[in-house]
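Read in order, the letters of the sequence shown correspond to residues 10 to 222 in the working numbering.
Okay, structure first, notes after.
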Amino acid sequence: MSDISLEQPHTTEAHTAGAHGHGHHGAPSATRIDNMKFAMWLFLASEVILFTVLIVLFLIFRINHPEVVHEVHDATGVFLVALNTFLLLTSSWAMVMGLREMKLGNRKGLINWIGLTAILGTVFVALQGVEYSILASEGIGIYNSEFGMRFYAPTALHGMHVIAGVLWALGVIVHAVRGGYAKDNVIGIEVFGLYWHFVDVVWIVLFTVIYLL
């Protein structure tokens, strides 16, 4: 009897350790998933407010000085920005494909698609830099132009969000390489997807308001 009573704690401890190990590598709890998504939605809500303020300021300027906006459009054109928009939308599609592959258990597919997302995001930022250099050559800077002050604030802020998203995508890739995701454990990818889709939606609004209207 004495031997049995001494073995029971050891057995219970081993069982508990095994349960914890399974919980770490398996699917996260529903509460944790909800908390992570809620935190991201809360963050995105605050970002919506910030971008809304900047967009409204630009719209007010556009209404009061339409000729200035048209002159800038004539000087820069819309082709480069349209190409950039296409690239960013494609990156969002690649992100969705990466999530789909991981849900099918294809880790390599996830890495490839999220890698494409990161590449397209990097190209987007590079082309935005080209656009800024064109504007600078036309004398449109952030300090020497009323248009520039209202243009650079939302677009540069968005560009910083893209850079952050690219870094996040690289983090997703590293985590995937280390085996951090599974069919039933993709919450990290889903939260990243919420952020990246938000970045896309914001750009569609900026593209419409600044370049098309």
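Just so it is clear, CB atoms sit at the ideal spot from N, CA and C, and this is done for glycine as well.
- The C-beta of Trp-50 has fewer than 16 other C-beta atoms within 10 Å across all chains shown, which makes the residue exposed.
- DSSP, read as helix, strand or coil, puts Asn-115 in coil.
- Segment contact: the stretch 122–134 against the stretch 85–100, three or more CB-CB distances shorter than 8 Å; contact assigned.
- Here the alpha carbon of Leu-68 sits roughly 7 Å from the alpha carbon of Val-218.
- Beyond the five residues adjoining it in sequence on each side, Arg-116 comes within less than 6 Å, by CB distance, of Ala-185 in the same chain, given in chain order.
- Taken in chain order, the complete alpha helix (DSSP H) segments of 4 residues or longer contained in the stretch 112–167 are 116–146.
- Remark: three or more beta-carbon pairs, one from each stretch, lie closer than 8 Å, so the stretch 134–150 and the stretch 160–177 are flagged as touching.
- Here Met-169 is exposed, its C-beta having fewer than 16 other C-beta atoms within 10 Å.
- For Phe-201, the CB contacts under 6 Å within the same chain, skipping 5 residues up- and downstream, are Trp-177, Val-181 in chain order.
- Put simply, of Ile-196, Glu-80, Ala-91, Glu-76 the residue whose alpha carbon is nearest the alpha carbon of Thr-40 is Ile-196.
- When only Cα atoms are considered, Leu-215 and Ile-64 end up about 7 Å apart.
- Within the model, the alpha-carbon separation for Phe-52 versus Lys-46 is close to 10 Å.
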